[in-house]
């Protein structure tokens with residue numbers, strides 16, 4: 718049986734993208750043998766966006782951060798919309814664009830714990846697999862996670878053999894960096910500045926973002 722190529726979709730605000738995001742992305746690429754991983758910044762309505770930081774600037778920082786990552790690319794799908802979109806809508810669009818590709822949507826354990834509250838969560842699993850990264854402070858024994866892993870949990874080989882509907886829990890190292898913490902401390906703490914790729918930090922300084 719021929720298997721379809723597995724495309725990872727890593728969504729998030731990336732406000733800003735930091736070394737923790739990249740470490741997670743690299744881990745997924747390596748351990749799931751992905752041909753490609755697409756980083757998909759979500760569209761933020763004006764009342765939720767960080768003051769002074771636009772969607773285009775967030776996308777520009779992602780592009781700078783992955784410039785030397787041959788398996789990674791920027792996915793602009795949600796940025797090109799003028800209204801907020803749901804994950805299920807984006808996955809439908811990507812599936813229409815690439816019908817011969819198996820989609821794997823990457824989330825953290827914090828998101829898996831309340832995944833059944835997501836809009837049309839069952840339809841998400843009809844369109845894609847989930848790849849779940851462990852996060853400090855969040856357990857697979859809490860929230861929705863035990864039920865979902867019991868019902869849909871799978872190995873990597875099962876993900877590769879099926880088109881959708883499985884959940885793979887990775888045993889990744891803890892990635893402690895947080896975009897919220899970076900935004901709060903970036904202007905005053907050199908240790909926080911070291912959490913960013915050098916090209917991203919330079920872009921932030923050039924555009925005077927996050928109080929820098």
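Numbering (my numbering), first residue to last: 718 to 929. C-beta: ideal position from N, C-alpha, C; glycine also.
Pick from the options: whose alpha carbon is nearest that of residue i?
i           : options               : result
residue 742 : 775, 777 and 782      : 782
residue 854 : 891, 887, 880 and 886 : 891
residue 771 : 792, 802, 730 and 754 : 730
residue 724 : 823, 794 and 923      : 823
residue 834 : 860, 817, 821 and 856 : 860
residue 926 : 900, 844, 722 and 911 : 900
residue 866 : 874, 878, 848 and 880 : 848
residue 878 : 820, 775 and 754      : 820
residue 889 : 790, 875 and 850      : 850
residue 791 : 759, 843 and 779      : 779
residue 920 : 754, 777 and 740      : 777
residue 784 : 922, 804, 917 and 806 : 917
May I ask you to report which of helix, strand or coil DSSP gives residue i?
i           : result
residue 741 : helix
residue 727 : strand
residue 845 : coil
residue 733 : coil
residue 912 : coil
residue 813 : helix
residue 790 : strand
residue 890 : coil
residue 865 : helix
residue 718 : Residue placement at residue 718 is poorly supported in this model, since its pLDDT is 46, which falls under 50; the coordinates still yield a value, given next. If DSSP states are grouped into helix, strand and coil, residue 718 belongs with coil.
residue 876 : helix
residue 783 : coil
residue 761 : coil
residue 885 : strand
Under 8 Å by Cβ, that's how I've got residue i and residue j pegged, so tell me the actual separation to the nearest angstrom.
i           : j           : result
residue 788 : residue 811 : Actually they are not in contact, since the Cβ atoms of residue 788 and residue 811 sit about 17 Å apart, beyond 8 Å.
residue 885 : residue 871 : 6 Å
residue 795 : residue 757 : 6 Å
residue 869 : residue 842 : 7 Å
Looking at the secondary structure, which residues open and close the beta strand (DSSP E) in which residue i lies?
i           : result
residue 819 : 819-825
residue 751 : Here residue 751 belongs to no beta strand (DSSP E), and DSSP marks it neither H nor E.
Ends of the alpha helix (DSSP H) at residue i?
i           : result
residue 770 : Careful: residue 770 lies outside any alpha helix (DSSP H) and carries neither H nor E.
residue 898 : 896-902
How about the segment 729-742 and the segment 886-898: do they share at least three Cβ pairs that are nearer than 8 Å? Touching, yes, given that three or more Cβ pairs across the two stretches are closer than 8 Å.
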